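Novice: Dumping the structure here so I can ask a few things about it.
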Amino acid sequence: MAEELHFGRAAQRLGLTQPPLSQQIQKLEDELGVVLFDRTNRRVQLTHAGQALLVEARKVLAHVQAAVRAAKDAAEGRIGRLSVAFVGSATYGWLPDVIRAYQERHPDVDLSLREMSTPAQMAALVSGEVDVGILRLPAQHPDLHVRLVDRDDCVAVVPAGHPLAMRASLFLVELAQEPFVLVSRAIWPGLYDGVMTLARTLGFEPRVRLEVTEVQTAVGLVAAGLGVSIVPSATERVHRQDVRYLRIDGPAPTVELGAAWRRADTSPLVSAFLETAESVHGTSV
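Residues 305 to 589 (this note's numbering) are what the sequence shown spells out, left to right.
Rendered as C-alpha cells:
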C-alpha cells in the first residue's frame, strides 16, 4: 500500500479485494494509535507516522530476509567455522587440492587448519577441539568415523652421490646392507611396519640408524649421508638436488591416508568438506 498509494492496485498486488485491505490497515492504525495514511477522494498519502513506520518496517524485513538466508546457508554448510587438522605429509599430495576446492566453493566458511600428529588428532577429535582430521592409517576409535581417502606407493630415497642414484628403480633387497633413516613407529606405524615386514619377507632385517618424526627430516638426513629411507612417492613433489628417489620394483610398501570425524557430528560443514574431498579425488568418504 505504501508503494502503490492506491487501495485498488495494492489489493490486486496482494491478491485481496479492497475491503479486507482497508480493514487490515484500519486495524493496524487502531493498534498503533496513529494514522498512517491520509485518505481523500482524490488521493492517498503516507502521513509522517506512516513514513517513519515504512522506513523501520523495511529495515525489519531486510533483517528477516538476511536471517532466513543465514539459516539456509548454515543448514547447507555455506557459513560457519570448520576446524581441520592434518598430518604434514598430507600436504605433499592429497590435501592442497581439497582445501583449494573447498575454499572456492565455500568462501564464507571460516576454515581453521592445524598440523597435528595422528595421535593428537584422535584426541582433539574426541574432545571436540577439531571437526575433521586428515591422518595416517591405521587409526581407530569407537567415537569416530575413519575412512580411507588416499593410498600411495612408497619409493626409496638415497643420497645424490650413492652408487644406486643413477638408477630409476631398485629392488628393496638391494638396500639390505644400508643404514636406514625411518619415520618412527610411534608416529607412523603403517609406514614403519610396512617397511620392516616387507624387508623380513625378503630375508633381511633393516638396520635402523635413526628414527625421526617427519618425512622431510628423514629425507634431509639421507641427503646428509646418514643412510637411506623409504617414503611415500608424493614426497617427490618437494624437489631436492641432494637426494634421488627410486621406484621400488616388485613388492613395495604402501601408506594410507584417512579422514576422521565424530560419529555424533551431523554438522553440514563437515559433510560439505567430505563431499568436496570426494568430488576432487573420487574417493568415497
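Glycine is no exception: its CB is placed at the ideal position from the N, C-alpha and C atoms.
For clarity, every value in this text was computed on a predicted model and none was experimentally measured.
1) Residues in its own chain within less than 8 Å of arginine 513 by CB, not counting five upstream and five downstream?
2) Tell me the DSSP secondary structure of isoleucine 534 in three-state form.
3) Tell me, to the nearest whole angstrom, how far the beta carbon of valine 450 is from that of leucine 417; I am working on the premise that it is less than 8 Å.
4) Does the region 551 to 567 come within contact of the region 492 to 499, defined as at least 3 CB pairs closer than 8 Å?
5) I need the DSSP call for valine 574, collapsed to helix, strand or coil.
6) Secondary structure at alanine 424, three-state DSSP: helix, strand or coil?
7) Where does glycine 354 land, buried or exposed, given buried means 16+ other C-beta within 10 angstroms?
8) Taking leucine 525 as part of the alpha helix (DSSP H), name the residues at either end of that continuous run.
9) For aspartate 401, would you say it is in contact with chain C, using Cβ-to-Cβ distances shorter than 9 Å as the test?
10) Please specify which runs of the beta strand (DSSP E), each continuous and at least 3 residues long, are wholly inside the region 325 to 356, giving them in chain order.
11) Could you tell me the alpha carbon to alpha carbon distance between alanine 428 and leucine 573, rounded to whole angstroms?
12) Cα separation between valine 526 and glycine 562?
13) Can you tell which of Arg455, Glu509, Pro423, Glu360 has the C-alpha that lies nearest to the C-alpha of valine 477?
14) Which value, in whole angstroms, describes the spacing of the CA atoms of valine 402 and valine 339?
15) Could you give the DSSP three-state label for tryptophan 398: helix, strand or coil?
16) Nearest-angstrom Cα distance between alanine 528 and histidine 543?
17) For valine 372, write down the residues that DSSP places opposite it in a beta bridge.
18) Looking only at its own chain, which residues have a Cβ that is under 7 Å from the Cβ of glutamine 520, when we skip the five neighbours before and after it?
19) Taking 8 Å as the cut-off, does the CB of glycine 337 come closer than this to any heavy atom belonging to the ligand NAP?
20) How many angstroms separate the CA atom of phenylalanine 459 from the CA atom of valine 516?
Specialist: According to the structure shown:
1) The residue given as residue 513 occupies position 209 in the sequence shown. Closer than 8 Å at Cβ, skipping near neighbours: Pro483, Phe484, Val485, Leu530, Gly531.
2) Within the sequence shown, numbered from 1, the residue matching residue 534 stands at position 230. In this structure, isoleucine 534 counts as strand in the three-state DSSP scheme.
3) Counting from 1 along the sequence shown, the entry for residue 450 is found at position 146. Counting from 1 along the sequence shown, the entry for residue 417 is found at position 113. Taking 8 Å as the upper bound for CB-CB distance, valine 450 and leucine 417 are not in contact here, some 19 Å apart.
4) Three or more Cβ pairs drawn from the region 551 to 567 and the region 492 to 499 lie within less than 8 Å of each other, which places the two stretches in contact.
5) In the sequence shown, residue 574 corresponds to position 270, counting from 1. Residue state, collapsed to three classes: helix.
6) Walking along the sequence shown from the start, residue 424 turns up at place 120. Here alanine 424 sits in helix by DSSP.
7) The residue you call residue 354 lines up with position 50 of the sequence shown. By the 16-neighbour rule on beta-carbons within 10 angstroms, glycine 354 is buried.
8) As a first step, residue 525 is located in the sequence shown; it is residue number 221 there, counting from the start. Residues 519 to 527.
9) Checking the listed chains, one finds no chain C in this structure; it contains a single protein chain.
10) Listed in chain order, the complete beta strand (DSSP E) runs (minimum 3 residues) inside the region 325 to 356 are 341 to 343, 348 to 350.
11) Against the sequence shown, residue 428 aligns to sequence position 124. Against the sequence shown, residue 573 aligns to sequence position 269. Cα to Cα, the separation comes out at about 17 Å.
12) As a position in the sequence shown, residue 526 is number 222, starting the count at 1. As a position in the sequence shown, residue 562 is number 258, starting the count at 1. Taking the straight line from one Cα to the other gives about 27 Å.
13) Mapped onto the sequence shown, residue 477 falls at position 173. Looking at the Cα atoms, Glu509 is the closest of the given residues.
14) Residue numbering aside, residue 402 sits at position 98 when the sequence shown is read from its first letter. Residue numbering aside, residue 339 sits at position 35 when the sequence shown is read from its first letter. Valine 402 and valine 339: Cα-Cα distance of roughly 59 Å.
15) Counting from 1 along the sequence shown, the entry for residue 398 is found at position 94. Assignment of tryptophan 398 by DSSP, reduced to helix, strand and coil, places it in the helix class.
16) As a position in the sequence shown, residue 528 is number 224, starting the count at 1. As a position in the sequence shown, residue 543 is number 239, starting the count at 1. Cα to Cα, alanine 528 sits roughly 16 Å from histidine 543.
17) Start at 1 with the first residue of the sequence shown, and residue 372 comes out as number 68. Paired residue(s): none; valine 372 is not in a bridge.
18) Here the question's residue 520 lines up with position 216 in the sequence shown. Counting only Cβ-Cβ distances below 7 Å, and skipping sequence neighbours, we find Val542.
19) With respect to small molecules bound, the structure shown includes none, and the ligand NAP cannot be examined in it.
20) Position 155 of the sequence shown, counted from the first residue, corresponds to residue 459. Position 212 of the sequence shown, counted from the first residue, corresponds to residue 516. This sequence places valine at residue 459; phenylalanine is not what is there. Cα to Cα, valine 459 sits roughly 17 Å from valine 516.
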